[in-house]
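Peer 1:
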Amino acid sequence: MLEIATVSKNFGGLAAVSDVSFTVHEGEVVGLIGPNGAGKTTMLNLICGIYKPNRGTIRFDGTDITGLASHKICKLGISRTYQIPQPFESMTALAGVMVGVLNGKHRSNMSVPDAALEASYYLEFVGLFSKRDVLARDLNLYELRMLELARALATTPKLLLLDEVMAGL
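Residue numbers for the sequence shown follow my numbering, so the first one is 7 and each next one is one higher.
Written as structure tokens, this is what we have:
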């Protein structure tokens with residue numbers, strides 16, 4: 007499903023990721039481990055199209071996604087959470103998850119009421135349905151992490167990348 011082949015990313019003279027190769031098969035759970043600064047988050051950013059690698063290839067379901075824009079990678083079925091939550095602070099929890107619903111795979115023609123209904127399902131799934139009308143900026147860290155998970159799941163990904171999902175909890 008995901009094939010990483012000799013991927014490298016440099017920031018100036020710093021090699022954040024150097025010749026990394028691995029494969030993730032459908033149904034498999036894989037963990038990237040290493041100390042702070044080892045390049046784990048950078049690797050996720052490369053997979054999701056936030057950074058472009060200096061060298062190597064990234065393939066998802068047989069398609070070369072190396073350097074593809076992140077919104078296109080999301081549409082292909084890869085979603086993620088972030089080490090530091092990235093909520094839409096001025097949106098309600100429901101609206102933030104609706105962004106995930108409407109930007110997921112095969113969702114371009116979904117109506118707003120249908121998107122709200124589906125977003126409500128994901129908020130219920132992570133235990134935040136009662137916070138659906140609360141602005142993201144007013145949620146605590148645990149709630150922000152759950153909101154981010156709901157938004158990522160709402161894209162209906164085939165591959166879900168979780169970056170330090172338990173950090174700070």
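Idealized CB from N, CA, C, for every residue including glycine.
Quick one: residues in its chain with C-beta nearer than 6 Å to the C-beta of lysine 164, no 5 flanking neighbours on either side, listed in chain order?
Peer 2: The residues are Gly83.
Peer 1: If we require 3 or more residues per run, which beta strand (DSSP E) segments fall completely within the stretch 55-127?
Peer 2: Entirely contained in the stretch 55-127, the beta strand (DSSP E) runs reaching 3 residues are, in chain order, 61-66, 84-86.
Peer 1: Under 8 Å Cβ to Cβ from threonine 48, same chain only, skipping five residues before and after it: list those, please.
Peer 2: Once the five neighbours on either side are set aside, the close Cβ partners of threonine 48 are Lys15, Ala22, Val23, Tyr57.
Peer 1: If contacts are defined as beta-carbon pairs under 8 Å, then glutamate 34 and proline 93 qualify, I think. What distance do you get, rounded to the angstrom?
Peer 2: Actually they do not touch by this definition, with Cβ atoms about 29 Å apart.
Peer 1: Measuring straight from C-alpha to C-alpha, what distance separates leucine 168 and leucine 38?
Peer 2: Looking at the two C-alpha atoms, the distance is approximately 10 Å.
Peer 1: Between which residues of its own chain and asparagine 180 is the CB-CB distance below 7 Å, once the five residues before and five after are set aside?
Peer 2: As shown, the chain starts at 7 and ends at 175. That puts residue 180 outside it, with no answer to give.
Peer 1: Do you know how far the Cα of arginine 143 is from the Cα of proline 91?
Peer 2: Distance between the alpha carbons of proline 91 and arginine 143 is about 11 Å.
Peer 1: With 16 as the cutoff for other CB atoms within 10 Å, does glycine 102 come out buried or exposed?
Peer 2: Its Cβ being crowded by 16 or more others within 10 Å, glycine 102 is buried.
Peer 1: For glutamate 130, name the three-state secondary structure that DSSP assigns.
Peer 2: Of the three classes helix, strand and coil, the one that applies to glutamate 130 here is helix, per DSSP.
Peer 1: Among Val26, Gly40, Met116, whose alpha-carbon lies nearest the alpha-carbon of threonine 216?
Peer 2: Residue 216 is absent from the model: the chain starts at 7 and stops at 175.
Peer 1: Given this structure, state the Cα-to-Cα distance separating proline 59 from threonine 72, to the nearest angstrom.
Peer 2: Answer to the nearest angstrom: the Cα atoms are 7 Å apart.
Peer 1: Tell me the DSSP bridge mates of glutamate 9?
Peer 2: In the DSSP output, where bridge partners are listed per residue, glutamate 9 has Thr29, Arg65.
Peer 1: Assign asparagine 42 to one of three DSSP states: helix, strand, or coil.
Peer 2: Of the three classes helix, strand and coil, the one that applies to asparagine 42 here is coil, per DSSP.
Peer 1: Can you tell me the Cα-Cα spacing of leucine 100 and leucine 123, whole angstroms?
Peer 2: Rounded to whole angstroms, leucine 100 to leucine 123 spans 9 Å at the Cα level.
Peer 1: Could you name each continuous alpha helix (DSSP H) segment of 4 residues or more that falls completely within the stretch 130-167, going from the start of the chain to the end?
Peer 2: The qualifying runs are 147-160.
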